[in-house]
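Colleague: There's a structure below that I have some questions on.
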Amino acid sequence: MQKIGIFFPSLKHQIWRWCYYFFHKQEVTRSVGKRKGECKRCGGCCHTSFRCSSLSFDENGHAECKEHDRRPHMCKLYPFGRRDHFAHLKDKCGFWYDE
């Protein structure tokens, strides 16, 4: 489990993400289409509240998902908008939105 200062805010954000997606699926889909950048393969979003058992790191320290082709839909969508960044990753993530 992560440090308390990261765990609870991340858990709160994960709950917000699920609820927001549930009620705004079309908006989320449109927003993902506007996403810029690419994944830096740091694994930070996979280790927010709990460590993902599907994540490993290669010899260069890059994150690799063992279930990449079958990963959960919410993983594929991260981040789905400007507000959808875990606080501790906001300036580290390789994805961004212009709007």
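One point on numbering: in the working numbering, the residue at position 79 of the sequence shown is 115, and numbering is uninterrupted.
All residues carry an ideal CB built from backbone N, CA and C; glycine is no exception.
1) Put R71 into one of helix, strand or coil per three-state DSSP.
2) Please state if the CB of K128 and the CB of G97 are separated by a distance shorter than 8 Å.
3) Quick test of your reading: C78 and L91, contact by CB under 8 Å. State the CB separation rounded to the nearest angstrom.
4) Assuming S46 is part of the alpha helix (DSSP H), what are its boundary residues?
5) Between L125 and the rest of its own chain, which residues show a CB-CB distance below 7 Å, the 5 nearest in sequence each way excluded?
Modeller: Per the coordinate set shown:
1) coil
2) no
3) Not really, about 11 Å apart at Cβ, beyond 8 Å.
4) 40 to 59
5) G80, C81
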